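Residue numbers (the numbering used here): 5 to 152. We treat Cβ as the ideally placed atom computed from N, Cα and C, and that holds for glycine. None of the values given here were measured: they were computed from a predicted structure.
Structural data, given as structure tokens:
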């Protein structure tokens, strides 16, 4: 019979090898800090997050989808002088080894046609689709209109 420490000595390297293989098989994109602003009634909601490209080539975010809304579009807020407007964009390029923040006043996802009222404090699964073929699903926190 083997001593428990011997078993541990065998198990740890195997577990580490499994984690390394898992990490190596994942894509180059990361999505973090995802949240959705809950708005009353039929007012569209904004989606915000950070994208990190750990690869050596630029990758485009081509779309975002969720079953919680009937429509989601990539937007950018553009400001000229004292006037701001939202412009729909087809894609957002994340530079190689770079980061892009989707934040109020800049890039964001416009979620429209809410299928059922969102509950502040809950989460919503959102799928991010990239030009390299990768799709990432993240749970996005639902926050109040004030972002809390």
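Cutting at 6 angstroms between CB atoms, please list the residues of its own chain near residue i, excluding the five before and the five after it.
i, result
"residue 34", "56"
"residue 47", "none"
"residue 88", "81"
"residue 50", "41 and 112"
"residue 121", "none"
If you count every other CB in all the chains shown that lies within 10 Å of the CB of residue i, and 16 or more means buried, which is it?
i, result
"residue 91", "exposed"
"residue 98", "buried"
"residue 3", "Since the first residue shown for the chain is 5 and the last is 152, residue 3 is missing from the structure and cannot be characterised."
"residue 85", "exposed"
Helix, strand or coil for residue i per DSSP?
i, result
"residue 101", "coil"
"residue 151", "coil"
"residue 65", "strand"
"residue 49", "strand"
"residue 138", "coil"
"residue 109", "coil"
"residue 76", "strand"
In chain order, what residues of the same chain have a beta carbon less than 8 angstroms from the beta carbon of residue i, not counting five sequence neighbours either side?
i, result
"residue 119", "71, 72, 73 and 74"
"residue 69", "76, 130, 131 and 133"
"residue 147", "39, 40, 41, 42 and 124"
"residue 149", "41, 42, 43 and 44"
"residue 58", "32, 33, 34 and 101"
"residue 127", "143, 144, 145 and 146"
Could you tell me which residues DSSP pairs with residue i in its beta bridges?
i, result
"residue 129", "143"
"residue 122", "Paired residue(s): none; residue 122 is not in a bridge."
"residue 83", "88"
"residue 33", "57"
Do three or more CB pairs link the region 128-137 to the region 59-76 at distances below 8 angstroms? By the criterion of at least three beta-carbon pairs nearer than 8 angstroms, the region 128-137 is in contact with the region 59-76.
With three or more C-beta pairs closer than 8 angstroms as the rule, is the region 76-92 touching the region 105-116? Contact between the region 105-116 and the region 76-92 is present: three or more C-beta pairs spanning the two stretches fall below 8 angstroms.
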